[in-house]
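Those protein sequence lines, which keep their order, are chains A and B.
When we follow this note's numbering, the leftmost residue of the first sequence carries the number 3, and every step to the right adds one.
When we follow this note's numbering, the leftmost residue of the second sequence carries the number 257, and every step to the right adds one.
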Amino acid sequence: MTEQHIIDELKTIIIPYTEEKSALENIGAHTDFIKDLKINSANLVDIVLDIEEKFNITIDNDSMAKMLTVKATIDVIENKLQANAG
Amino acid sequence: MNNNRVVITGLGICAPNGTTIPDFTEAIKNGSSGITHQPDLEALGFSCQIAAKPSLNEDRIAQYFTPLELRNLNSSGIIYGVIAALDAWKDAGLEKSNDDEPDWESGTVFGTGTSGIDKFRWAINKIDELEIRKLGSSVVVQTMASGVSAFICGKLGLGNRVITNSAACATGTESILLAYERVKSGQAKRMLAGSTSDSGPYIWGGFDAMKVCTFKHNNEPEKGSRPMSLTASGFVPGSGAGALVLESLNSALARNAKIYAEVLGGDANSGGQRGLGTMTAPNPLAVQRCIKQAIENSRVGADEIDVINGHLTATSKDALEVENWKKALGSSADNFPYINSLKGMVGHCISAAGSIESVASILELHNGFIFPNVNCEDLNPEISSLINAKCIPQKLIEKPINILIKASFGFGDINACVIFKKYKND
């Protein structure tokens, strides 16, 4: 799965959680969920649950704590996907 | 301490027989029932398989909640409460506060008995299945008792006091008293008062098990709730929400608001579960004392009261309630006011009963009518020996009324009573 493919999936997942439509439109590796997308921090756990379902992975607490930007989130998803493949 | 006059400037309703003020007004005038057969209660082996709940479609609900909120929303009480509250706010001609600053002058007292009982059940099952992580962020805000006032607060941007009260079946009437006191004392310009109650087997089951609900009318739901009838055999469980905007008269006049009625005062007390009072039965002395104190606090004469909106749940206790009213008012059989019970149409809406019935009461005062009692064509002789049968209208009466008294009584031996007066521009 390419990085762009993961970003596209993330974008779809995040739609209901943000009202910053232009920031979402321009989402990239550098995007910060709270600073740029103004996502309510309580909803980050919901986004993680949606990601788990979408990518069929399980995300541990330590990884979850790192998932504050798109870049960090992609890293976690790629790691888990590789672990699954292995 | 200020001593503001307090008026009602907005109404919202989410009742089993109407979910807008025009529909509800029409329904209560016509005696239309909101009680229906419930296949889920039958499947679960309930003794009482009829109940009353508001009829709402997805499009209506989507007008009040964001798509994100709707994704995991499983709290019927919050849905009913938010609909009634936002409609009341709009009816009062009020806007939500701007995005940057709350409306410091406005708050809410919005009561409930439980919150999000279906959501709670789902969460408990997830935990027991060792899937606690899957709860997400939506469980706490929907199952905390104050969930309904928290949702209302956020949608309107209320910056004054925001609380949820809980007083069993007296919750709705108590919410009006608490809101009234806050506006009267000048601590808030306006308070949204109201209450809500969840629907479904997990809220109604406990009452079914106590055998306080009727099991004799499963095949004729609309005949099931029979306040003041000889064949009253228990209440029919209901649900929904009612909401009223209480505002200082000065604030209402300053913004040229529509004024439905004035809140003259009231009282709340307890029988202490002493004497004849128990956890589930009211102490008659406390009921009478609450009514008398409400009249005294409102500075009206008992003989000025035109209409009683009773608690009258359709159990064997209805006659005792009428006797309490008669003693408290010091009236004879013939000069007793008109008395009616909405529960014949909507069942007993538990924590929402007091607010839904108060909305009905305000509509009677404002529009000049007395809604009919339904299902008491076979009047309980114990009641007709206390008061003249003409005091219990079974057909709509259209006439101006001036003062109405409303009371609710709840488990725990608690009472709440409030007095409303038609507002005349004077």
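Using N, Cα and C, we set each Cβ at its ideal position, and we do this for glycine too.
CA-CA distance, residue i and residue j?
{"i": "Asp-296 (chain B)", "j": "Asp-355 (chain B)", "result": "43 Å"}
{"i": "Glu-518 (chain B)", "j": "Glu-560 (chain B)", "result": "15 Å"}
{"i": "Leu-324 (chain B)", "j": "Ser-455 (chain B)", "result": "22 Å"}
{"i": "Ser-451 (chain B)", "j": "Val-543 (chain B)", "result": "22 Å"}
{"i": "Leu-244 (chain B)", "j": "Phe-366 (chain B)", "result": "Outside the displayed span of chain B (257 to 682) sits residue 244 (chain B), for which this structure offers no information."}
{"i": "Ile-648 (chain B)", "j": "Phe-491 (chain B)", "result": "19 Å"}
{"i": "Gly-333 (chain B)", "j": "Gly-372 (chain B)", "result": "6 Å"}
{"i": "Ala-424 (chain B)", "j": "Glu-351 (chain B)", "result": "31 Å"}
{"i": "Lys-582 (chain B)", "j": "Ala-589 (chain B)", "result": "8 Å"}
{"i": "Leu-509 (chain B)", "j": "Lys-445 (chain B)", "result": "12 Å"}
{"i": "Arg-417 (chain B)", "j": "Ala-340 (chain B)", "result": "19 Å"}
{"i": "Glu-361 (chain B)", "j": "Gly-415 (chain B)", "result": "7 Å"}
{"i": "Lys-82 (chain A)", "j": "Ile-264 (chain B)", "result": "59 Å"}
{"i": "Val-262 (chain B)", "j": "Lys-548 (chain B)", "result": "21 Å"}
{"i": "Ser-43 (chain A)", "j": "Lys-37 (chain A)", "result": "10 Å"}
{"i": "Pro-593 (chain B)", "j": "Ile-643 (chain B)", "result": "9 Å"}
{"i": "Asn-596 (chain B)", "j": "Tyr-516 (chain B)", "result": "20 Å"}
{"i": "Ala-513 (chain B)", "j": "Trp-345 (chain B)", "result": "12 Å"}
{"i": "Lys-678 (chain B)", "j": "Ala-426 (chain B)", "result": "23 Å"}
{"i": "Ala-316 (chain B)", "j": "Ile-626 (chain B)", "result": "The question names Ala, but residue 316 (chain B) is Arg in the sequence shown. Rounded to whole angstroms, Arg-316 (chain B) to Ile-626 (chain B) spans 30 Å at the Cα level."}
{"i": "Ile-269 (chain B)", "j": "Arg-530 (chain B)", "result": "36 Å"}
{"i": "Asp-574 (chain B)", "j": "Leu-568 (chain B)", "result": "5 Å"}
{"i": "Glu-357 (chain B)", "j": "Ala-570 (chain B)", "result": "47 Å"}
{"i": "Arg-438 (chain B)", "j": "Asn-258 (chain B)", "result": "10 Å"}
{"i": "Ile-29 (chain A)", "j": "Ile-9 (chain A)", "result": "8 Å"}
{"i": "Met-3 (chain A)", "j": "Ser-331 (chain B)", "result": "39 Å"}
{"i": "Lys-285 (chain B)", "j": "His-622 (chain B)", "result": "13 Å"}
{"i": "Asn-86 (chain A)", "j": "Glu-54 (chain A)", "result": "12 Å"}
{"i": "Gly-290 (chain B)", "j": "Ser-453 (chain B)", "result": "15 Å"}
Who are the near neighbours of residue i in its chain, counting only those whose CB is closer than 7 Å to its CB and skipping five residues on each side?
{"i": "Asn-631 (chain B)", "result": "Lys-479, Ser-481, Arg-482, Ser-485, Gly-600"}
{"i": "Ile-16 (chain A)", "result": "Leu-26, Leu-39, Ile-49"}
{"i": "Asn-328 (chain B)", "result": "Gly-392, Ser-394"}
{"i": "Asn-553 (chain B)", "result": "Gly-521, Gly-522, Asp-523"}
{"i": "Ser-65 (chain A)", "result": "Val-78"}
{"i": "Leu-433 (chain B)", "result": "Gly-522, Ala-524, Ala-672, Val-674"}
{"i": "Thr-20 (chain A)", "result": "Leu-26, Leu-39, Lys-40, Ile-41"}
{"i": "Lys-56 (chain A)", "result": "Glu-11, Ile-15"}
{"i": "Ile-653 (chain B)", "result": "Phe-625, Ile-626"}
So, at 6 Å on beta carbons, what are the nonlocal neighbours of residue i in its own chain, with the 5 sequence-adjacent residues on each side left out?
{"i": "Ser-353 (chain B)", "result": "Asp-359, Gly-413"}
{"i": "Ile-551 (chain B)", "result": "Ala-558"}
{"i": "Cys-546 (chain B)", "result": "Asp-523, Asn-525, Asn-671, Cys-673"}
{"i": "Thr-33 (chain A)", "result": "Val-72"}
{"i": "Ile-59 (chain A)", "result": "Lys-82"}
Rank the options by C-alpha distance to the C-alpha of residue i and give the top, closest one.
{"i": "Thr-292 (chain B)", "options": "B:Pro-272, B:Ser-303, B:Met-535", "result": "B:Pro-272"}
{"i": "Phe-35 (chain A)", "options": "A:Leu-12, A:Leu-51, A:Glu-5", "result": "A:Leu-12"}
{"i": "Gly-301 (chain B)", "options": "B:Phe-471, B:Arg-511, B:Pro-628, B:Asp-343", "result": "B:Phe-471"}
{"i": "Asn-474 (chain B)", "options": "B:Thr-265, B:Lys-285, B:Ile-269, B:Ile-306", "result": "B:Ile-306"}
{"i": "Ala-348 (chain B)", "options": "B:Leu-267, B:Lys-285, B:Met-535, B:Glu-437", "result": "B:Leu-267"}
{"i": "Met-400 (chain B)", "options": "B:Ser-422, B:Lys-411, B:Gly-415, B:Asp-384", "result": "B:Ser-422"}
{"i": "Gln-319 (chain B)", "options": "B:Thr-569, B:Lys-662, B:Ala-308, B:Tyr-336", "result": "B:Tyr-336"}
{"i": "Ile-675 (chain B)", "options": "B:Ile-269, B:Cys-409, B:Glu-476, B:Arg-555", "result": "B:Arg-555"}
{"i": "Leu-448 (chain B)", "options": "B:Lys-375, B:Thr-364, B:Lys-285", "result": "B:Thr-364"}
{"i": "Ser-431 (chain B)", "options": "B:Thr-420, B:Lys-440, B:Ser-441, B:Val-439", "result": "B:Thr-420"}
{"i": "Asn-681 (chain B)", "options": "B:Asn-506, B:Phe-625, B:Ala-570", "result": "B:Asn-506"}
{"i": "Lys-23 (chain A)", "options": "A:Ala-85, A:Ile-8, A:Ile-41", "result": "A:Ile-41"}
{"i": "Asp-562 (chain B)", "options": "B:Arg-530, B:Gly-624, B:Gly-531, B:Tyr-516", "result": "B:Gly-624"}
{"i": "Leu-619 (chain B)", "options": "B:Glu-437, B:Asn-658, B:Ala-575, B:Val-602", "result": "B:Asn-658"}
{"i": "Gly-369 (chain B)", "options": "B:Leu-386, B:Ser-405, B:Gln-443", "result": "B:Ser-405"}
{"i": "Glu-745 (chain B)", "options": "B:Lys-440, B:Asn-286, B:Gln-398, B:Ser-640", "result": "The requested residue 745 (chain B) is not part of the displayed model; chain B covers only 257 to 682."}
{"i": "Ala-608 (chain B)", "options": "B:Pro-278, B:Asn-286, B:Ala-299, B:Val-338", "result": "B:Val-338"}
{"i": "Gln-650 (chain B)", "options": "B:Gly-287, B:Asp-279, B:Thr-275, B:Asn-260", "result": "B:Gly-287"}
{"i": "Ser-489 (chain B)", "options": "B:Cys-304, B:Ile-277, B:Glu-282", "result": "B:Cys-304"}
Pull up the DSSP beta-bridge partners for residue i, would you.
{"i": "Asn-565 (chain B)", "result": "B:Asn-596, B:Lys-662"}
{"i": "Cys-270 (chain B)", "result": "B:Ala-497"}
{"i": "Ile-675 (chain B)", "result": "B:Gly-521, B:Ile-661"}
{"i": "Cys-425 (chain B)", "result": "B:Ala-423"}
{"i": "Ser-485 (chain B)", "result": "B:Leu-635"}
{"i": "Glu-545 (chain B)", "result": "The question names Glu, but residue 545 (chain B) in the sequence shown is Arg. According to DSSP, Arg-545 (chain B) bridges with nothing at all."}
{"i": "Ile-626 (chain B)", "result": "B:Ile-653"}
{"i": "His-293 (chain B)", "result": "B:Ile-306"}
Within its chain, find whatever has a CB closer than 8 Å to the CB of residue i; leave out the 5 residues flanking it on each side and keep chain order.
{"i": "Arg-377 (chain B)", "result": "Tyr-458"}
{"i": "Gly-586 (chain B)", "result": "Ala-558"}
{"i": "Ile-388 (chain B)", "result": "Lys-382"}
{"i": "Gly-528 (chain B)", "result": "Asn-539, Ala-542, Asp-669"}
{"i": "Leu-342 (chain B)", "result": "Gly-268, Tyr-320, Ile-408, Lys-411, Leu-412"}
{"i": "Lys-390 (chain B)", "result": "Lys-382"}
Cβ pair count under 8 Å reaching 3, the stretch 661-675 of chain B against the stretch 631-650 of chain B: no
Report yes or no: do the stretch 613-629 of chain B and the stretch 497-514 of chain B share at least 3 C-beta pairs separated by less than 8 Å? yes
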